[in-house]
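This report concerns only the one structure given below.
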Amino acid sequence: MSSHDRDTTVHRLLLGGLALAVVSTTAVLTSGAAESAEVAGGRPSVVTPATGQPLGAVAPSGRIRASDPVLRRAPDGGAAAAARPAATVPFRPTMGAASYRAAKAAANSAPTVQKPSRPTAAPLAPPTPIRQFEGLNQSESGGLRPPDNDGAHGDPAGALNQYVAIVNSAIRVYNVGPATPTIASTKTLASFFGYTTTTIFDPRVIYDTTWDRWVVMAEAFPESATVQRVFIAVSKGKNANGAYWIYNIDRGGSGAGEVFWDYGQLGADQDSLIFTANIFPNSGGFAGAEMFCFSKAGMYNGLGVSSPVFSGLDATLAPPQVQDNNANAFLLAAPNQTASLSLYRANNCGRTGTTLVKQANIAVPAYAVPPDAPQPGTTDKLDTVDNRFQNRSTQYGNSLWNVHTLALGGFAAPKWYQVNTSTNSITQSDIFFRSGSSHDFNPSLYAQPDGTMYVGWTATDPPAGVNAQMRFSGRLPTDAANTTNEPGTTVFTSPTFYNGSSDTTERWGDYSAVVDDDSTGLRRVYLVSEKVNSQAVWGSRIAQGGF
36 MSSHDRDTTV
46 HRLLLGGLAL
56 AVVSTTAVLT
66 SGAAESAEVA
76 GGRPSVVTPA
86 TGQPLGAVAP
96 SGRIRASDPV
106 LRRAPDGGAA
116 AAARPAATVP
126 FRPTMGAASY
136 RAAKAAANSA
146 PTVQKPSRPT
156 AAPLAPPTPI
166 RQFEGLNQSE
176 SGGLRPPDND
186 GAHGDPAGAL
196 NQYVAIVNSA
206 IRVYNVGPAT
216 PTIASTKTLA
226 SFFGYTTTTI
236 FDPRVIYDTT
246 WDRWVVMAEA
256 FPESATVQRV
266 FIAVSKGKNA
276 NGAYWIYNID
286 RGGSGAGEVF
296 WDYGQLGADQ
306 DSLIFTANIF
316 PNSGGFAGAE
326 MFCFSKAGMY
336 NGLGVSSPVF
346 SGLDATLAPP
356 QVQDNNANAF
366 LLAAPNQTAS
376 LSLYRANNCG
386 RTGTTLVKQA
396 NIAVPAYAVP
406 PDAPQPGTTD
416 KLDTVDNRFQ
426 NRSTQYGNSL
436 WNVHTLALGG
446 FAAPKWYQVN
456 TSTNSITQSD
466 IFFRSGSSHD
476 FNPSLYAQPD
486 GTMYVGWTAT
496 DPPAGVNAQM
506 RFSGRLPTDA
516 ANTTNEPGTT
526 VFTSPTFYNG
536 SSDTTERWGD
546 YSAVVDDDST
556 GLRRVYLVSE
566 KVNSQAVWGS
576 RIAQGGF
């Protein structure tokens, strides 16, 4: 046992109709121990980066370990979360609360001006929804807001053909093979991860099409000043309702390094799962983002894994979903209120000798924090958050794609980028919106290796009487550079405004998702985003669509 004391728990599992006893161990760090089986070091200095991290190699700040996973079977069915009073997951700005409030106030008070005219060479036709269906809603997910929608599509050409939707704080599996999708299971994240001490939030999910595995990640609110759990679940096979290895990692720190681990993101390359998060010291301020990556071979077989932790990185660093066998994984950040994007290069992720280099600050036109989005029929606005990339990037070859929201003449508007990772430059980009009077935000993006790109987002348009609307657009590789089909296509329009709290700005997002659907070999995707079910209850909508 060395420096570790271990608490042993016996978990009862039901696998193939047989009751099995699985012994799992949870490492407990003893006084004076150098490291535990869950986490070793990795605590950033308590600083607030002002100008961003310098270019060059990033030295690891410690090492993180994940071991002793618990094998749990996802229930084949199950009830939704019990209703409880609504609670808000706060948004944690990385630029400091006072600076963020000032930036938002300036954006909200800025006069609206005419949006720029659109290019004359526009795409020929927009992508269109093929079918759509209801996602999880606030009443059946435990009452948290905002939902934090993410989703993934798995086994597209096989017998299962499943879509997994995840929100605060529930997960649902759909059978999407039938013309009308059916619900296979719905469960709380507490049940899924086997943890009830504090509430679980910020969920993410991906499907590994190479190895046919589901990967789910989320964090929990702190148990104490020194304990905050991060959960990673990896399926044993392609069935989203099958068994999962559950890893439970403490990222709360100890001593002077007590921190809050926030806005976790999940990506992957050929050999590893890539994790990032923003780090907020309990003593105040912002200590930058952190990144680590675990071996797929280890996690997919329920083994212990470890990785260097890279800390003090530029805020809200988005990991990629890499679509080829590139040895380099590129991570991207959009520091608030600047004129550059931060490009990082990770090498040997999940292997011995993992390295991280800040490769470039890529110049782009200056951007600022977006104003919040007004709604028709109420003075309450919807939160458009800051300039961060809200979900993972898409990477193939030397192309890296992502999208964020910025201020556009008194409006919120998304902008996507195709980054050339070889030349540290922007291949193309575009700002897009529903109309000249719309507020557009909460975007997500997926790009296919042939250059086809899809984007989903939320729009409101008070002069047109349009409540929060789920929208869908994109571009084909043959379209003129730097263009997006506008105004895109309406997927769903909410029946009313959202007024879920006593606040004048209602939490929205914090993210949406667009993911690949290659079940037909055609250019199609699934997208999921927030909508309004009633004035105090959020919902979500899932759509399949394409060119």
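Residues in the sequence shown are numbered from 36 upward in steps of one, following the numbering used here.
Even for Gly, the Cβ is constructed at its ideal location relative to N, Cα and C.
Because the structure is a prediction, the values reported are computed rather than measured.
Collapsing the DSSP output to three states places Phe227 in a helix. By the CB criterion at 8 Å, Gly581 and Leu562 fall outside the cutoff.
In the structure shown, the three-state DSSP call for Gly580 is strand. Taking 8 Å as the upper bound for CB-CB distance, Ala403 and Gln425 are not in contact here, some 17 Å apart. Leu441 is a Cβ neighbour of Pro405, given a cutoff of 8 Å. As summarised for the segment 301 to 385, the continuous beta strand (DSSP E) elements at least 3 residues long and confined to that stretch are 307 to 316, 324 to 330, 340 to 348, 355 to 357, 363 to 368 and 375 to 382, given in chain order. In this structure, Gly347 is the residue among Gly347, Phe467 and Val202 with its C-alpha nearest to the C-alpha of Gly320.
In this chain, the alpha helix (DSSP H) harbouring Ala132 covers Ala132 to Ser144. Taking the Cα of Trp543 as reference, the smallest distance to any Cα among Trp280, Val202, Asp349 and Leu443 is reached at Val202.
The DSSP-derived three-state label of Gln173 is helix. Taking Val251 as the centre and dropping the five residues before and after it, the same chain places the C-beta of Val240 and Ala268 closer than 6 Å to its C-beta, in chain order.
Between Gly302 and the set Ala145, Asp553, Ala187 and Arg576, the nearest pair of CA atoms involves Ala187. Assignment of beta-bridge partners to Gln167 by DSSP yields Ala578.
With contact defined as three or more Cβ pairs closer than 8 Å, the segment 325 to 334 and the segment 376 to 387 are in contact. Under DSSP, the beta-bridge partners assigned to Gly509 are Tyr489.
Here the alpha carbon of Ala448 sits roughly 5 Å from the alpha carbon of Asp475. Assignment of beta-bridge partners to Val105 by DSSP yields Ile281. Per the DSSP secondary-structure output, Arg559 pairs in a beta bridge with Asp552 and Gly581.
With a cutoff of 8 Å on beta-carbon distance, Asp304 and Val357 are scored as near each other.
Distance from the CA of Tyr282 to the CA of Asp103, rounded to the nearest whole angstrom, comes to 7 Å. Put simply, the backbone Cα of Asn361 is about 9 Å away from that of Gln430. In this model, Ser470 and Pro512 are separated by some 24 Å (Cα to Cα). In this structure, DSSP gives Ala499 a helical state, which the three-state scheme calls helix.
The C-beta of Arg207 has 16 or more other C-beta atoms within 10 Å across all chains shown, which makes the residue buried.
Per DSSP, reduced to three states, the secondary structure at Thr389 is coil, with no helix or strand assignment. Thr419 places its beta carbon less than 8 Å from that of Asp407.
Going by DSSP, Asn455 is part of the beta strand (DSSP E) stretching over Phe446 to Asn455.
Residue state for Val438 is assigned as strand, using DSSP reduced to three classes. The closest CA to that of Asp185, considering only Tyr198, Asp349 and Asn317, is found on Tyr198.
Put simply, the backbone Cα of Asn517 is about 14 Å away from that of Val490. Buried is the label assigned to Val340, since at least 16 other Cβ atoms lie within 10 Å of its Cβ.
Nearest in C-alpha terms to Lys271, of all of Gln300, Trp249, Ala253 and Val262, is Trp249. Distance from the CA atom of Val392 to the CA atom of Glu175, rounded to whole angstroms, is 43 Å. Thr311 is classed as buried because its beta carbon has at least 16 other beta carbons within 10 Å across all chains shown. About 6 Å separates the beta carbon of Pro182 from that of Ser575, a gap short enough to meet the 8 Å contact definition. Annotation: Phe365 to Val124 spans about 29 Å, alpha carbon to alpha carbon.
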